[in-house]
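Quick note on UniProt numbering: the sequence shown kicks off at 1 and runs consecutively.
Where a beta carbon is used, it is the ideal one built from N, C-alpha and C, also for glycine.
Everything on this sheet refers to the single structure shown next.
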Amino acid sequence: FSLVLAELDVDDECADINNTTWSQYRQRRAEQQVRYLLLTRRNQDCAQAFTRQSLTETQQQPSHFNVSRPTKVLVHGDPSSPSWTTSVEHGCKLESFHFIGVSLGAHVAGFVGTLFEGKIGRITGLDPAGPMFKGADTYDRLDSSDAQFVDAIHTDSDYFGISIPVGHVDFFLNGGKDQTGCARSRFTSMYGYVICDHMRALHVYMSALNGSCPLVGIPCSSYEHFLQGRCLDCDVFQGTCPTIGATPGRGILVSPMPKEQKLFLLTTSAAPFCSRHFLLQMEVSPLVKSAERYSHVCACLSQTDTTVYRAVLSHPLALCEIDSIQLKNTGARFYRQSEIHVKSVCLSEFPALRREEPLCVNNIHFKRGAPWSHDFVQVCGVV
């Protein structure tokens, strides 16, 4: 495929798309002219200025552009570097174009889609910008009518990113707000801390292109319902869950295409960001007093009139690789129950890709402050 990046005016034989700084852009703001840089498998390390003449190859000016191949157009945000970052004549097909927009670039891609009446093949928005766009009319921002397929990844919807669905499917990573691994530390700069959540969408998408593991989204009405274990399947997509990546459709088989479908998933803090989803279900005897029960990744607050608790957890390992489970009765701040009787605790992976029995332990008694654990003996691939 061909890759086209928007860039400022360049004169070098091989256009430099990595070393221009934001301060240099600001100094050249009045004179900047947008140009397009072409990268293909034939010139992976030497970007070629892309012009109308690039559509016709001559001996004097050979072009690497091939109208018969899919074209990816990267549109960076402002003030993003172009390192993160057209033509329908001469045989190019609109459906072969895939625009990938970062932040503000996502809405720029949407404007292009509007100009072509939604006939572009695909637009992917990587944490589309939120300020000034959340309350805007769909004509003035990215939406599902801008291309035949529009997908978006949300990672900073409480700050720089938009909080509403803008595509046919919208992936909200870890709820779409605060991302794991983005906490402020003495090793990160203020700028790096501020944009960490916002740029996570880009890094996750780049990781998904490597295909090392699937990043699967689960349809649900809200992140709270997702964490409560109310959404465990992809029946709305005929049982096939959408995944993040570059392949057309990404697992969506239904027709007509849904609109503004929210998808939720949990990720790890570093590449490749993949994490398995598990449902923890616990049944306890009625409690006399309030208590709290913690797993190693999730806290479940109890109520005296409730006996069954459900929560969604995440772990990079598959269910068949889980070798132990731990519980601890910490008690509540003011009212404590010295002993809790757990009738059963079960851990199951979802969405269910194959018939796999949940891991369950029955009849557990553990006192306040005393941890409890159980070891599992199992081998992946052995029933």
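Reduced DSSP category for residue i - H, G, I as helix; E, B as strand; rest coil
i, result
"T124", "strand"
"C231", "coil"
"S314", "strand"
"H168", "coil"
"T114", "helix"
"S163", "coil"
"F273", "coil"
"A183", "coil"
"S348", "strand"
"A47", "strand"
"S87", "For S87, the predicted model reports a pLDDT of 39, less than 50, meaning its position is unreliable; a value from the coordinates is still stated below. Looking at S87 - three-state DSSP - the assignment turns out to be coil, as it is neither helix nor strand."
"L301", "Residue confidence is low: L301 scores 41 on pLDDT, short of 50, so the model does not pin down where it sits. Its coordinate-derived value is still stated next. If DSSP states are grouped into helix, strand and coil, L301 belongs with the strands."
"K93", "coil"
"I17", "Bear in mind that a pLDDT of 49 at I17, under 50, signals an unreliable position, so the number given afterwards is only what the model happens to contain. Three-state DSSP puts I17 in coil, outside helix and strand."
Member of the options whose CA lies at the smallest distance from the CA of residue i
i, options, result
"F273", "A208, K343 and I252", "A208"
"F172", "T40, Q261 and E283", "Q261"
"P128", "G239, S157 and I252", "S157"
"C231", "A271, R368, F264 and C196", "F264"
"F65", "D375, L74 and Q48", "Q48"
"N210", "T180, G176 and T247", "T247"
"P131", "R122, S163, T114 and L115", "S163"
"I340", "C346, L327 and S348", "L327"
"W372", "H198, R69, S344 and I325", "I325"
"H225", "R122, C346 and G175", "G175"
"R69", "C46, V166, T40 and F50", "T40"
"F111", "P286, K119 and D146", "D146"
"residue 384", "Y223, F160 and E117", "Past the boundaries of the shown model lies residue 384; the chain is included only from 1 to 383, so the question cannot be answered."
"T268", "P165, Q148, P358 and Q179", "Q179"
"H98", "K367, R141, K134 and A152", "A152"
"E95", "F278, F116 and L104", "F116"
"P242", "K72, P316, I252 and N43", "I252"
"G167", "E283, Y223 and I100", "I100"
"C220", "P214, K177 and G229", "G229"
"P214", "G113, M282, C380 and A318", "A318"
"L313", "N329, S255, Y205 and H277", "H277"
"L104", "A183, L347 and M199", "M199"
"M203", "A271, Q238 and K259", "Reading off the sequence shown, one finds His at residue 203, where the question assumed Met. With distances taken between Cα atoms, H203 lies closest to A271."
"V284", "V308, L266 and M206", "V308"
"D143", "C346, L74, K259 and N363", "K259"
"G369", "S222, Y223 and T330", "T330"
"residue 398", "G245, G181 and L266", "Look at the range of the chain in this structure, 1 to 383, and you will see that residue 398 is not part of it."
"A136", "G125, H107, I218 and R310", "H107"
"E357", "M257, K177, C346 and V342", "C346"
Span of the beta strand (DSSP E) around residue i
i, result
"H64", "Unbroken run through H64: none, as it is neither H nor E."
"E283", "R276 to V284"
"V254", "Segment: none, V254 is in no beta strand (DSSP E) and carries neither H nor E."
Start and end residues, alpha helix (DSSP H) containing residue i
i, result
"L319", "Per DSSP, L319 belongs to no alpha helix (DSSP H) and is neither H nor E."
Opposing strand residues paired with residue i [DSSP bridges]
i, result
"Q326", "S373"
"I340", "F366"
"I100", "L74 and T124"
"K262", "D170"
"C360", "C346"
"H154", "F172"
"T243", "V216"
"V308", "E283"
is_contact[residue i, chain D] using C-beta, thresh 8 Å
i, result
"F237", "Among the protein chains of the structure shown there is no chain D, as only one such chain exists."
* Taking only runs of the alpha helix (DSSP H) that begin and end inside the segment 187-226, which ones reach a length of at least 4 residues, in chain order? -> As for any alpha helix (DSSP H) of minimum length 4 sitting wholly inside the segment 187-226, the runs are 190-210, ordered along the chain.
* Asked: Which residue spans inside the segment 125-152 form an unbroken beta strand (DSSP E) run of at least 3?
  -> Counting only runs of 3 or more, we get nothing.
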